[in-house]
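Engineer: Residues 157 to 243 (the working numbering) make up the sequence shown, in order. This is the structure, below, for whatever I ask next.
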Amino acid sequence: MRLSALLEGIKTGGLSADPQICGVTCDSRQVEKGYLFVAISGGQQDGHRFAGEALKRGAAAILAEHPPETGETAVITSDTRAAYTKI
157 MRLSALLEGI
167 KTGGLSADPQ
177 ICGVTCDSRQ
187 VEKGYLFVAI
197 SGGQQDGHRF
207 AGEALKRGAA
217 AILAEHPPET
227 GETAVITSDT
237 RAAYTKI
């Protein structure tokens, strides 16, 4: 499924690319080639910190609430937790 179709109905800052997505996870350790990594901030960890690791594991795209500090490009939305439940 294309990223644009997966994010349909989710307000984002726009897409710079529309890759094919074959899986979705918020755990960077579970990312495989072609996955969408959803960066979720939690009580213990901030998923945005793991964006680089997700890309190294083959993530095709990152969904985040703000650009990751490590400089990776991400699709920005106001609430990644809410977006993850809609995907």
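Heads up, the beta-carbon is just placed ideally off N, CA and C, and yes, glycines get one too. All values derive from a computational prediction rather than experimental measurement.
Could you pull the DSSP bridge partners for Phe-193 from this structure?
Structural biologist: DSSP, once it has assigned bridges, lists Thr-181, Ile-218 as partnering Phe-193.
Engineer: Which stretch, first to last residue, makes up the alpha helix (DSSP H) that contains Lys-167?
Structural biologist: Segment: none, Lys-167 is in no alpha helix (DSSP H) and carries neither H nor E.
Engineer: Quick one: what's got a C-beta closer than 8 Å to Gly-208's C-beta in the same chain, skipping five residues either side?
Structural biologist: Here the set comprises Pro-224, Thr-226, Glu-228.
Engineer: Going along the chain, which residues of its own chain have a beta-carbon closer than 8 Å to the beta-carbon of Leu-162, five neighbours each way excluded?
Structural biologist: Closer than 8 Å at Cβ, skipping near neighbours: Ile-177, Val-180, Leu-192, Ile-243.
Engineer: Helix or strand or just coil, what does DSSP make of Arg-158?
Structural biologist: In the structure shown, Arg-158 sits in a strand (DSSP, three-state: E or B).
Engineer: Grab the span of the alpha helix (DSSP H) containing Arg-205 for me, first residue to last.
Structural biologist: That residue, Arg-205, is in no alpha helix (DSSP H); it is neither H nor E in DSSP.
Engineer: How far does the alpha helix (DSSP H) with Thr-241 in it reach, from first residue to last?
Structural biologist: Where Thr-241 is concerned, the enclosing alpha helix (DSSP H) stretches over 236–242.
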